[in-house]
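J.:
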Amino acid sequence: SIHNFQLFLKEIQKVDLLVNNAGYANGGFVEEIPVEEYRKQFATNLFGAISITQLVLPYMRKQRSGKIINISSISGQVGFPGLSPYVSSKYALEGWSESLRLEVKLFGIDVALIEPGSYNTNIWEVGKQLAENQSDTTSPYKEYMDKIQKHINSGSDTFGNPIDVANKIVEIA
């Protein structure tokens with residue numbers, strides 16, 4: 253919880269590294285996804301990172317050093333049909349990360365953004381489950397969504413190993 257993290261920060265009084273990696277992918281088409289689903293997506297993928305970063309910044313600023321690594325996605329650079337809540341939240345994370353980097357560099361704090369493509373994690377499973385739960389068999393987008401899911405499934409054996417991303421995080425840290 254945020255409260256427990258605040259207590260932990262008060263106890264340790266020093267933060268050298270923050271990795272913001274929380275996220276999930278919600279699938280579906282704009283016309284059919286309630287705005288509330290967008291809010292949930294942004295709450296996790298953007299506002300969660302902002303909340304935690306705001307907690308650590310005073311410590312990093314005081315020590316005049318630190319590194320923040322935000323994990324985004326290639327989806328923050330390129331739109332994909334049927335993933336607009338996820339894509340838009342990642343675009344927002346990208347813009348926020350760039351602004352943050354410019355704001356805190358004068359305090360010796362570095363901000364890095366990692367934008368991996370498709371890796372073999374459960375993020376696609378969560379997105380597919382949500383899309384299936386929200387997909388109406390009478391939807392005008394059903395056939396299109398089926399094709400997208402088939403395409404994702406057919407390429408899953410080419411997805412990268414997430415250890416490669418973890419190694420990149422270690423390298424940057």
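Start counting the sequence shown at 253; every next residue gets the next number (the working numbering). Yeah, the Cβ is synthetic: ideal placement off N, Cα and C, and Gly gets one too. All of these numbers come straight from a predicted model, not from anything done at the bench.
#1: Spatial neighbours of G360 within its chain, please: C-beta separation below 7 Å, excluding the five flanking residues on both sides.
#2: Are the Cβ atoms of L298 and A344 separated by less than 8 Å?
#3: Going by beta-carbon coordinates alone, are V391 and E263 separated by less than 8 Å?
#4: Hey, could you find the ends of the alpha helix (DSSP H) A364 is sitting in?
#5: Expressed to the nearest angstrom, what Euclidean distance is found between the alpha-carbon atoms of A274 and E395?
#6: Quick one: residues in its chain with C-beta nearer than 7 Å to the C-beta of G328, no 5 flanking neighbours on either side, listed in chain order?
#7: When the Cα of G280 is compared with those of Y338, K314, Q258 and K266, which residue comes out closest?
#8: When you compare only the Cα positions, how much space is there between R353 and Q401?
#9: At a threshold of 7 Å, does L309 count as lining the ligand GDP (C-beta to nearest heavy atom)?
#10: Going by DSSP, name the residue or residues bridged to N335.
#11: Going by other Cβ atoms of all chains shown within 10 Å of its Cβ, with 16 needed for buried, is Q306 buried or exposed?
#12: If you scan the region 292-331 from start to end, which runs of the beta strand (DSSP E) of 3 or more residues do you find wholly inside it?
#13: From A301 to V308, what distance separates their C-alpha atoms?
#14: Use the C-beta contact count for A277: other C-beta atoms within 10 angstroms, 16 or more gives buried, fewer gives exposed.
T.: By the coordinates alone:
#1: Position 108 of the sequence shown holds residue 360. Here the set comprises R316 and S317.
#2: Sequence index remark: in the sequence shown, residue 298 carries index 46 (1-based). Sequence index remark: in the sequence shown, residue 344 carries index 92 (1-based). Yes, these two residues count as a Cβ contact at 8 Å.
#3: Locating residue 391 in the sequence shown gives position 139, where the first residue counts as 1. Locating residue 263 in the sequence shown gives position 11, where the first residue counts as 1. The question names Val, yet the displayed sequence has Ser at residue 391. No, the Cβ-Cβ distance between S391 and E263 is not below 8 Å.
#4: Counting from one through the sequence shown, the residue named residue 364 turns up at place 112. Note, A364: premise wrong, no alpha helix (DSSP H); beta strand (DSSP E) at I361 to I366.
#5: Here residue 274 refers to the residue found at position 22 of the sequence shown. Here residue 395 refers to the residue found at position 143 of the sequence shown. One C-alpha to the other measures close to 31 Å.
#6: Here the question's residue 328 lines up with position 76 in the sequence shown. So the qualifying residues of the chain are K342, Y343, L345, E346 and E367.
#7: Here residue 280 refers to the residue found at position 28 when the sequence shown is read from its first residue. The shortest C-alpha separation from G280 is found at Y338.
#8: Working through the sequence shown from its first residue, we reach residue 353 at position 101. Working through the sequence shown from its first residue, we reach residue 401 at position 149. R353 and Q401: Cα-Cα distance of roughly 36 Å.
#9: With respect to small molecules bound, the structure shown includes none, and the ligand GDP cannot be examined in it.
#10: Within the sequence shown, the letter at position 83 stands for residue 335. Checking the displayed sequence, the identity of residue 335 turns out to be Leu instead of Asn. L335 is bridged to G280.
#11: Taking the sequence shown and counting its residues from 1, the one referred to as residue 306 is at position 54. With fewer than 16 other Cβ atoms within 10 Å, it is exposed.
#12: 318-323
#13: If you number the sequence shown from 1, residue 301 lands on position 49. If you number the sequence shown from 1, residue 308 lands on position 56. Each residue's alpha carbon lies about 11 Å from the other.
#14: The residue labelled residue 277 in the question sits at position 25 within the sequence shown. With 16 or more Cβ atoms within 10 Å of its Cβ, A277 is classed as buried.
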